[in-house]
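In the numbering used here, the protein residues as written are 12 to 247.
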């Protein structure tokens with residue numbers, strides 16, 4: 012990146028000033044030791060990039076002036092990763108790398124074999140922080156949405172194409188069936204570390220999902236989600 016990039020949740024308008032507080036302010040002043048007059052970039056995760064300069068640095072905030080705004084249209088394709096809640100270290104990997112690779116949304120559900128059945132608000136907030144750090148690093152302007160969803164048994168049939176990782180020898184490769192899909196929005200479902208239960212596989216099939224293989228080898232849950240993301244992105 013040519014200059015340091017920061018994140019705010021507010022709408023970015025050329026007539027307004029940007030306020031950096033909290034962790035973003037700490038990074039600006041204590042990590043980067045930026046000074047008044049220096050240029051920085053600011054994103055809001057909603058498609059807007061502001062080229063800004065530091066107007067003043069106060070005790071707990073920095074005030075920036077906007078010199079240029081660039082808006083990026085939302086991508087036509089959308090890829091939703093539907094993920095059985097894994098261990099937190101693997102979830103961090105999915106969020107970070109998934110953000111870099113173009114994941115649109117991450118839906119987390121309690122799998123029957125998930126060791127952890129729910130996430131606290133602070134844990135979900137931390138995942139958002141991981142995703143924010145990733146968009147600042149990779150240059151992406153849209154922040155993926157992270158949502159908690161109910162167990163598969165409580166789902167209604169989705170209107171979107173849905174695939175899931177299937178270890179059956181008879182399952183087709185994702186690369187052999189994805190070309191048949193014309194919709195720009197796709198769901199890919201991956202189980203937690205121990206995979207899906209037989210009941211969950213039946214539930215997915217009842218929901219209209221197609222079981223597919225991603226590789227000749229058995230992949231870890233984070234590897235599987237990210238591999239599917241790359242393959243689907245290439246197709247779309």
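Positions of the beta carbon are idealized from the N, C-alpha and C atoms, including for glycine. No experiment lies behind these values; they were computed from the predicted model shown.
C-beta contact flag for residue 53 and residue 17 at 7 Å: yes
Extent of the continuous beta strand (DSSP E) to which residue 174 belongs: 173 to 176
Span of the alpha helix (DSSP H) around residue 201: It is not in any alpha helix (DSSP H) - residue 201 instead sits in the beta strand (DSSP E) that spans 196 to 201.
Contact with chain D by residue 240, beta-carbon distance below 7 Å: You won't find chain D in this structure, because it holds only one protein chain.
Cutoff 6 Å; reference residue 202; Cβ partners in own chain excluding five residues on either side: 95 and 122
Of the listed residues 102, 21, 120 and 227, nearest to residue 177 (C-alpha basis): 227
Residues near residue 171 by beta carbon distance below 7 Å, same chain, minus five either side: 194, 196, 197 and 198
Assigned secondary structure, residue 228 (DSSP; H/G/I helix, E/B strand, else coil): coil
Residue 87 - DSSP class collapsed to helix/strand/coil: coil
Run of the beta strand (DSSP E) containing residue 96, from where it starts to where it stops: No beta strand (DSSP E) contains residue 96, which DSSP labels as neither H nor E.
As assigned by DSSP and simplified to three states, the class of residue 50: strand
Nonlocal neighbours in the same chain, by C-beta distance under 8 Å from residue 101, ignoring five residues either side: 204, 231, 232 and 233
Distance between residue 218 and residue 12 (C-alpha atoms, nearest Å): With a pLDDT of 45 at residue 12, under the threshold of 50, the modelled position of that residue is not reliable, and the figure given next carries that caveat. Looking at the two C-alpha atoms, the distance is approximately 43 Å.
Same chain, Cβ closer than 8 Å to residue 64, five either side skipped, listed in chain order: 48, 49, 50, 51, 75, 76 and 78
Bridge partners - residue 145, DSSP secondary structure assignment: Its beta-bridge partners do not exist; DSSP assigns none.
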